[in-house]
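The sequence shown begins at 223 in my numbering and counts up by one. Read through the structure below, which is laid out as structure tokens, and then see the notes.
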Amino acid sequence: MKLNPKQYDEMIGRASPPSPVVRDCVWAFCVGGAICTVGEGLRQLFLIWYDKTLAGTLTSIALIFLSALFTLPGWYQELAAKAGAGTLVPITGFANSVVSPAIEFKAEGWVTGVGAKIFTIAGPVIAYGTLASFVWGVVYWLLGKVG
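Right under this line is the structure:
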């Protein structure tokens with residue numbers, strides 16, 4: 223069966239229910255905001271005992287730990303399935319992307335499972351992030367030499 227683009231679009235329209243975009247965006251905003259609010263609450267708590275720099279570091283560590291902890295029983299994935307991009311708050315989403323493959327491939331062993339697969343999702347982010355920071359560092363350095 224050969225379909226032209228219009229027929230294909232019609233077929234996809236019938237097979238795919240319309241997405242409630244506004245509701246999904248509001249829900250993602252609320253979940254992402256809630257994650258950030260938890261982070262700010264932790265930071266304010268740490269500020270009682272520590273200076274601003276250490277409180278920020280401890281907040282990051284706590285958010286990474288909580289994200290990994292909620293990933294273990296699958297709660298983070300359930301939240302992500304409902305909240306979508308709202309759970310991609312950088313530090314918690316990144317922690318989830320590292321822990322998820324480690325859990326999934328644990329049965330294959332520590333080396334060929336966890337060790338080989340742990341960065342399948344996060345690896346490209348790390349690689350391209352490092353490359354981008356290098357390129358922008360060179361650009362910044364060259365602009366400093368010129369200006």
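Built from N, CA and C at the ideal position, the CB exists for glycine as well. From a predicted model like this one, the values you see are computed outputs, not experimental measurements.
Could you please give the first and the last residue of the uninterrupted alpha helix (DSSP H) stretch that includes ASN226?
Counting along the chain, ASN226 falls outside any alpha helix (DSSP H), and DSSP gives it neither H nor E.
If you follow the alpha helix (DSSP H) that ALA354 is part of, which residue opens it and which one closes it?
344-368
Assuming VAL336 and ALA290 are in contact, meaning their beta carbons sit under 8 Å apart, how far apart are those beta carbons, in whole angstroms?
For a cut-off of 8 Å, the C-beta gap from VAL336 to ALA290 is around 13 Å, too long to register as a contact.
Sub-8 Å separation of VAL253 and LEU301 beta-carbons:
yes
For the putative contact between THR281 and TYR298, defined by C-beta atoms under 8 Å, what is the C-beta separation to the nearest angstrom?
Not a contact, Cβ separation roughly 18 Å.
So within the region 254-336, which uninterrupted beta strand (DSSP E) runs reach at least 3 residues, ignoring any that extend past its ends?
none
Just confirm the distance between the C-beta atoms of ALA305 and ALA344, as a whole number of angstroms; I'd bet it's less than 8 Å.
So it is not a contact: roughly 20 Å between Cβ atoms.
Measuring only the C-alpha atoms, how far is THR334 from GLY235?
C-alpha of THR334 to C-alpha of GLY235: approximately 42 Å in a straight line.
Go ahead and label ASN318 buried or exposed: buried means 16 or more other beta carbons lie within 10 angstroms of its beta carbon, across all protein chains shown.
Its Cβ being crowded by 16 or more others within 10 Å, ASN318 is buried.
Please tell me whether ILE270 and THR314 are closer than 8 Å, where the distance is taken between their beta carbons.
Not closer than 8 Å, so no.
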